[in-house]
Amino acid sequence: MNAKELDSKYIAGTYSRFPVVLTHGRGSLVYDEEGREYIDMGSGIAVNAFGIADSGWIGAVTAQLGKIQHGSNLYYTEPGALLAQQLCERTGFRKVFFANSGAEANECAIKCARKYAAGKYGAENRYKIVTLKNSFHGRTITTLAATGQDEYHRDFQPLTPGFLYAEANNCEALRELAGGDDSIAAIMFEPVQGEGGVLPLDKEFVQCIASICAERDILMICDEVQTGNGRSGTLYAYMQFGIVPDIMTTAKGLGGGLPIGACLMGEKVKDTMTPGSHGSTFGGNPAVCAGALNILSRIDDKLLAEVRAKSEYIVNELKAAPGVESVDGMGLMLGVKTAKPVGDVVAACRENGVLALTAHGKLRLLPALNIPMELVEKAVAAIKAACAV
Ligand SMILES: *Cc1c(COP(=O)(O)O)cnc(C)c1O
């Protein structure tokens with residue numbers, strides 16, 4: 003049996019995959035088992051920050067693999083400590099908890115918010131978390147509860163209690179929901195709703211969240227699992243909204259292709275998590291952290307300027323293209339509303355040698371941060387052809 007047949011026989015049916023078996027790649031080019039070449043405009047859902055088989059990242063990971071691949075959190079190892087130092091120094095956050103995925107990073111944020119509120123106000127008094135409608139925060143029972151989309155909740159009730167959902171970009175409604183309620187511990191949001199259709203929040207609304215949080219000692223949690231690590235055109239997207247979250251989570255691109263999640267805690271909550279309050283067997287794995295340190299160190303001002311320039315090019319080209327209704331997003335995280343059904347557009351892109359993604363009925367583009375301009379131009383031409391009606 004080939005990979006497709008084995009997969010459908012033995013792998014749980016949670017994914018509807020595109021009909022392509024990927025075998026290898028280099029940078030932003032990826033190849034299938036028939037030897038076809040594609041320009042990768044999805045980078046493994048914003049994970050392969052510097053593309054496929056990046057030599058600097060491979061070097062960092064393999065050097066660490068040759069020393070010690072895992073030490074457990076009972077001992078100190080250097081890569082995680084250096085990574086946490088750089089994360090804190092470049093953001094102003096004070097402490098980092100390492101996990102293995104976005105959902106787990108969010109679990110840590112939720113536990114941290116509840117523990118902070120319980121310690122200060124009493125556990126029964128303040129435990130609720132407000133999230134936004136159309137959000138996405140993960141697949142565990144608690145992060146599903148945080149996800150403000152009914153279709154993800156169906157079949158899995160009862161979910162973790164204590165989550166309330168506010169309409170995005172409606173400050174008045176949020177004030178009504180959270181303004182007079184002393185049982186709210188935190189407000190959690192994605193600066194750009196990714197799975198929800200690549201929709202950036204309005205700056206005024208994000209500042210409204212910040213002011214409600216400041217007035218009422220409600221913690222502000224920013225989910226940057228997808229927007230983080232240069233994806234938005236700044237190191238973290240919150241930096242473009244004039245706010246300072248109390249807790250920020252990130253994952254996807256941070257590991258350059260290996261599993262990592264991080265929960266960053268600011269001044270208010272830097273000492274909230276104490277021995278025994280949380281943990282992870284694999285979290286902070288030295289090989290993964292050595293790779294992440296390589297990735298994070300290379301997301302510098304020059305690279306971020308290039309991300310913004312490529313974004314501008316793609317947005318301008320696609321906005322003017324026939325069959326394109328709108329282009330939303332930030333940096334190299336873009337959602338394209340197409341006149342044709344998005345499934346047809348993605349299939350046509352693939353026929354034209356471009357791998358693209360979808361989100362809520364839109365075409366979603368998440369190329370590697372260092373995709374060469376020449377490949378951007380080729381991909382845009384192929385996408386335009388696929389969108390044309
Ligand atoms: C992908 C994503 C998650 C979940 O991350 P996993 O690594 O799949 O657990 C959570 N939040 C946001 C905003 C995401 O985009």
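In my numbering, each residue's number is its place in the sequence shown (first place is 1) plus 2. Don't be surprised by glycine CBs; every beta carbon is placed ideally from N, CA and C. Computed from a predicted structure; not experimentally measured.
- Of the residues assessed, S328 falls on the exposed side of the cut-off, its CB having fewer than 16 other CB atoms within 10 angstroms.
- Comparing alpha-carbon positions, the option among R38, G337 and P343 lying closest to Q195 turns out to be G337.
- The Cβ atoms of N372 and L305 lie closer than 8 Å to each other.
- Following the DSSP letters along the chain, one finds Y12 inside the alpha helix (DSSP H) bounded by residues A5 to Y12.
- G29 and E269 have their C-alpha atoms some 38 Å from each other.
- Taking C-beta atoms under 8 Å as the contact rule, G255 and G232 qualify, at a distance of about 7 Å.
- Distance from S137 to E192 at the Cβ level is roughly 6 Å; contact confirmed, criterion being Cβ atoms closer than 8 Å.
- For Y17, no beta strand (DSSP E) run applies, since DSSP gives it neither H nor E.
- Scanning A349, E80 and V227 for the CA closest to the CA of G263 turns up V227.
- Judged by beta-carbon spacing, L89 lies within the 8 Å limit of L266, meaning their Cβ atoms are closer than that value.
- In this structure, the alpha-carbon of E36 lies about 58 Å from that of G121.
- According to DSSP, S30 shares a beta bridge with no other residue.
- Under the criterion of beta carbons closer than 8 Å, K321 and C389 do not qualify as touching, at roughly 11 Å.
- The beta carbons of A101 and S213 sit no closer together than 8 Å.
- Residue environment analysis places Y77 among the exposed positions, since fewer than 16 neighbouring C-beta atoms fall within 10 angstroms of its C-beta.
- Your pair I70 and T79 checks out as a contact, with CB atoms roughly 7 Å apart and the cut at 8 Å.
- In this structure S45 is buried. Its beta-carbon is surrounded by 16 or more other beta-carbon atoms within 10 angstroms.
- Three or more Cβ pairs drawn from the region 177-192 and the region 127-141 lie within less than 8 Å of each other, which places the two stretches in contact.
- Assigned with DSSP and collapsed to three states, M375 falls in helix.
- In the three-state DSSP reduction, M267 falls in the strand class (E or B).
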